[in-house]
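First the structure, in the form of structure tokens, and then the observations on it.
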Ligand SMILES: Nc1ncnc2c1ncn2[C@@H]1O[C@H](COP(=O)(O)OP(=O)(O)OP(=O)(O)O)[C@@H](O)[C@H]1O
Ligand SMILES: Nc1ncnc2c1ncn2[C@@H]1O[C@H](COP(=O)(O)OP(=O)(O)OP(=O)(O)O)[C@@H](O)[C@H]1O
Ligand SMILES: [Mg+2]
Ligand SMILES: [Mg+2]
């Protein structure tokens with residue numbers, strides 16, 4: 001599903017160069033749930049952005065669904081991303097002028113497809129936000145926005161789901177709902193990568209990748225405990 | 001320091017009225033650390049916004065440092081807030097066009113005072129973000145932005161600090177640093193209110209207020225455990 005091959009990412013130039021990622025290798029198979037953990041600033045969000053084809057690596061390659069992103073033009077990269085990848089951003093990134101439901105339907109519309117309304121209604125019910133569909137993002141609480149952002153990433157059943165701290169704004173009961181949904185999606189064959197600081201979320205994954213200063217510091221099978 | 005008197009907050013009108021808070025009473029004394037917990041959508045952020053004088057209650061009164069906000073004109077309310085209150089927003093709300101350090105200095109500049117540079121340098125060191133001062137918010141990770149937002153709320157040593165999930169984007173080590181800082185500020189006499197989903201943060205507070213569907217559902221002394 002997803003391969004990160006010797007990827008580095010640097011920002012700035014000269015004295016002010018910041019190395020966010022430094023030679024990261026990672027293979028993510030379909031039907032798996034992988035947690036990525038690490039200190040604040042260690043490169044987790046940068047890794048997700050590159051894996052989603054949202055930013056170009058400074059060195060190395062990202063292979064999404066068998067297609068290398070290096071050398072693709074913008075239109076081809078956007079089409080690949082729309083077909084293959086769903087992203088839950090750390091800062092939600094809902095479109096302020098659209099309703100919550102329109103935000104969830106947007107990926108389908110952008111891919112030129114009809115939204116799967118039954119699936120979306122089921123997801124919103126599982127996430128506990130039924131009834132808030134016609135609100136705009138600023139009329140929702142932080143946790144409610146996060147749950148619509150999760151629904152948006154999952155609605156199209158993309159082959160790869162990249163979620164950046166998807167339970168950060170949620171209470172523990174709601175967080176467990178989200179964990180159940182992610183585990184279910186992985187069992188259905190999707191490749192799910194979850195950046196998290198929450199040990200309860202990491203415990204649901206079958207693998208925990210540790211990032212520190214832009215490098216992989218550990219890659220452990222999560223215990224069955 | 002802060003009194004919330006029978007406060008309700010309703011959004012919308014007619015059929016579409018949403019009651020975010022429904023008759024909340026709360027007294028916060030100087031030199032205390034109070035945690036506010038509750039499910040997503042229960043009214044925590046709304047409570048903080050009203051307590052900070054950032055929004056008007058639909059009913060009831062908010063008394064900040066002995067001054068009632070009801071009936072104050074905008075200029076007087078802004079002056080009161082600048083003198084008495086520091087806020088850490090759930091979505092950080094850093095000013096994108098300013099550097100991280102300028103964001104921290106902004107409350108002092110808006111209050112017509114010189115920023116306390118030694119205090120700010122000490123806070124940034126405690127928070128582990130020394131060296132990132134000249135970055136703009138979009139050049140920082142989520143957790144780094146959150147730590148600058150915390151420094152901004154604390155820099156002026158305001159009588160009241162209202163923090164909305166200040167450790168939501170932080171790893172557990174960094175979160176403990178923030179907890180230490182908040183405990184220290186309360187011991188120094190400030191009134192600190194922290195909205196949190198993290199039991200480790202709540203455990204540092206001397207009191208835990210539980211919110212459910214816009215009402216206070218419990219008000220417990222945190223155990224000394
Ligand atoms: N502008 C608005 N219009 C309508 N409803 C609103 C508006 N702002 C907030 N709400 C509603 O008010 C309720 C309380 O929201 P609030 O943001 O205070 O919740 P919260 O406890 O902070 O939740 P979270 O833990 O998800 O951040 C929610 O149900 C939310 O949908
Ligand atoms: N545009 C940029 N310019 C310079 N440095 C940047 C830029 N974007 C990110 N960085 C730096 O790259 C490093 C990695 O950032 P990243 O957002 O991936 O961290 P993270 O692991 O997601 O952290 P957090 O847990 O705080 O969200 C950080 O040190 C950050 O300051
Ligand atoms: Mg991040
Ligand atoms: Mg909130």
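Residue numbers (this note's numbering), protein chains in the order written: chain A, 1 to 225; chain B, 1 to 225.
For every residue, glycine included, the Cβ atom is placed at its ideal position computed from N, Cα and C.
Straight across, the Cα-Cα distance linking residue 204 (chain A) with residue 4 (chain A) is about 23 Å. Taken atom to atom, the span from the alpha-carbon of residue 174 (chain B) to that of residue 71 (chain B) is near 41 Å. In this structure, ligand 3 has no non-hydrogen atom nearer than 7 Å to the beta-carbon of residue 9 (chain B). Look at the beta carbons and you see the stretch 160 to 169 of chain A touching the stretch 139 to 149 of chain A: at least three pairs across the two are nearer than 8 Å. Residue pairing for residue 160 (chain A): DSSP places it in a beta bridge opposite A:85 and A:191. Among the residues of chain A, those whose CB is under 8 Å from the CB of residue 90 (chain B) are 142 and 169, following chain order.
Boundaries for residue 143 (chain A): no beta strand (DSSP E) harbours it, while the alpha helix (DSSP H) harbouring it runs 142 to 154, taken from the DSSP string. The C-beta distance from residue 35 (chain A) to residue 87 (chain A) rounds to 16 Å, too long to meet the 8 Å contact threshold. Rounded to the nearest whole angstrom, the CA to CA distance from residue 142 (chain A) to residue 121 (chain A) is 20 Å. Taking 7 Å as the cut-off, one finds at least one heavy atom of ligand 3 near enough to the beta carbon of residue 44 (chain A). Look at residue 58 (chain A): its C-beta is not under 8 Å from any C-beta on chain B. Taking non-hydrogen atoms of ligand 3 into account, the C-beta of residue 90 (chain A) is found less than 7 Å away from one of them. In this structure, the beta-carbon distance from residue 158 (chain A) to residue 84 (chain A) falls below 8 Å. Apart from sequence neighbours up to five positions away, the residues of its chain that approach residue 218 (chain A) with a beta-carbon distance below 7 Å are 210, ordered along the chain.
Annotation: residue 194 (chain B) to residue 73 (chain A) spans about 47 Å, alpha carbon to alpha carbon. Restricting attention to B:220, B:162 and B:196, the CA atom closest to the CA of residue 42 (chain B) is found in B:196. Judged by DSSP secondary structure, residue 2 (chain B) falls within the beta strand (DSSP E) whose first and last residues are 2 to 11. At the C-beta level, residue 189 (chain A) and residue 31 (chain A) come within 8 Å of one another. Around residue 44 (chain A), the same chain offers 36, 38, 195 and 211 as residues with beta carbons nearer than 6 Å, after the five sequence neighbours per side are excluded. Between residue 96 (chain A) and chain B, the shortest Cβ-Cβ separation is not below 8 Å. With respect to residue 50 (chain B), residue 104 (chain B) sits apart: the two C-beta atoms are not nearer than 8 Å.
Residue 151 (chain B) sits close to residue 127 (chain B), with the two beta carbons spaced by under 8 Å. Taken atom to atom, the span from the alpha-carbon of residue 155 (chain B) to that of residue 115 (chain B) is near 8 Å.
Taken through DSSP and simplified to helix, strand or coil, residue 177 (chain A) comes out as helix. Inter-residue distance for residue 9 (chain B) and residue 2 (chain B) is about 18 Å (C-alpha atoms, whole angstroms). Separation of residue 202 (chain A) and residue 23 (chain A) (C-alpha to C-alpha, rounded to the nearest whole angstrom) is 24 Å. The alpha-carbon of residue 19 (chain A) is positioned some 29 Å away from that of residue 153 (chain B). Remark: the C-beta of residue 175 (chain B) is outside contact range of ligand 4, defined as less than 7 Å to any heavy atom. The beta-carbon separation of residue 133 (chain B) and residue 140 (chain B), rounded to 11 Å, does not stay under the 8 Å limit for a contact.
At a C-beta separation below 7 Å, residue 197 (chain B) has these neighbours in chain A: 170, 171 and 172.
Not one heavy atom of ligand 4 falls within 7 Å of the beta-carbon of residue 172 (chain A).
Check the Cα spacing between residue 40 (chain B) and each of A:172, A:207, A:179 and A:221: the tightest is with A:172. Scanning A:113, A:187, A:162 and A:200 for the CA closest to the CA of residue 176 (chain A) turns up A:200. Of all residues in the stretch 41 to 56 of chain B, those with a C-beta nearer than 7 Å to a C-beta of chain A are 41 and 45, reading in chain order. For residue 24 (chain A), the enclosing beta strand (DSSP E) covers residues 18 to 28.
Pairing residue 192 (chain B) with residue 54 (chain B) gives a Cβ-Cβ distance that is not under 8 Å.
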